[in-house]
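J.: Okay, handing you the structure first.
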Amino acid sequence: MTGDEFPKSRSGRLIELGKIMGAIAAIFGATSLIWGMTFGPLREAYLMIGDFVDRFARLEVTVAELQQEVARANGEDRVIRQIQGQSYIREPVKQGDNVVMTMVAARTKLGVDCRLTDWTPIFTDELNIPTPGQRLNAGRAPRQLNDDTQTLRIEMIPPAILRPGRITVYLTLTYQCPTENGTTTVQDRTDTLAYQLLPAG
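Here our numbering is used: the sequence shown runs in plain steps of one and ends on residue 233.
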């Protein structure tokens, strides 16, 4: 039918009546669906689906946090990774002696393109005051690690004010790491190692 008048033939009237009934059925069906999802029995199903989507989104966040915690526990969120229990301080150490650290470490995926620019040993004695020491060869460029596990011999000069007894030491590390916009400075540190400082003599 192309005009505005109602058809006069019987088949035309049936077609138009079918269109009207279809429109009424669609309106009634949409109204029933909206009512069912708002106030009726479908509301529970709608809420369950929404709750499932919310729980799934929270699960994604939880998995991402867990991945970060695992990376942190494995040392993969740092520039270098030390092999647990294999780094140590060579002893005996007396007051006035240089301290020699044997460090077993490798670069992580995060630090593969980073360059070590500076490091400082930090010593702590029984007074629990962190005190910086010095690098033995402060003028030389720091040695770079590669991806493979390496054993490094690091000699440093401890501060003269350390008291005999249990001493802890770690290295603060400064890296230049590439980014999309150039480079950025990244601070890292080694694991803390302990040794016994003996009196001079």
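Yeah, the Cβ is synthetic: ideal placement off N, Cα and C, and Gly gets one too.
Source: prediction; values computed, not measured.
Please state whether DSSP places T156 in a helix, a strand or coil.
T.: strand
J.: Between T163 and P191, how many whole angstroms is the CB-CB distance? I'm expecting something under 8 Å.
T.: 5 Å
J.: Kindly indicate the opening and closing residues of the beta strand (DSSP E) around D220.
T.: G214 to R221
J.: Are three or more beta carbon pairs between the segment 161-176 and the segment 115-124 nearer than 8 Å?
T.: Flag = no, the segment 161-176 and the segment 115-124 do not touch.
J.: Taking Cβ positions, are R221 and L203 nearer each other than 8 Å?
T.: Their beta carbons are under 8 Å apart, which means R221 touches L203 by this criterion.
J.: When DSSP builds the beta bridges, which residues end up paired with M53?
T.: BP columns for M53 are empty, so no partner.
J.: Would you kindly report the start and end of the unbroken beta strand (DSSP E) that includes P210?
T.: G197 to T211
J.: Taking all protein chains shown into account, decide if I199 is buried (16 or more other Cβ within 10 angstroms of its Cβ) or exposed.
T.: The C-beta of I199 has 16 or more other C-beta atoms within 10 Å across all chains shown, which makes the residue buried.
J.: Is it the case that the Cβ atoms of I189 and G165 are separated by a distance below 8 Å?
T.: yes
J.: Using CA coordinates, which residue listed in L205, E97 and F60 is at the minimum distance from I154?
T.: L205
J.: Count Cβ pairs between the segment 88-101 and the segment 141-154 that sit closer than 8 Å; are there 3 or more?
T.: no
J.: What is the DSSP secondary structure of L79, counted as helix, strand or coil?
T.: helix
J.: Would you please state the rounded distance, in angstroms, between the beta carbons of V111 and L230? I believe it to be under 8 Å.
T.: Not quite, the Cβ-Cβ distance comes to about 34 Å (not below 8 Å), so this is no contact.
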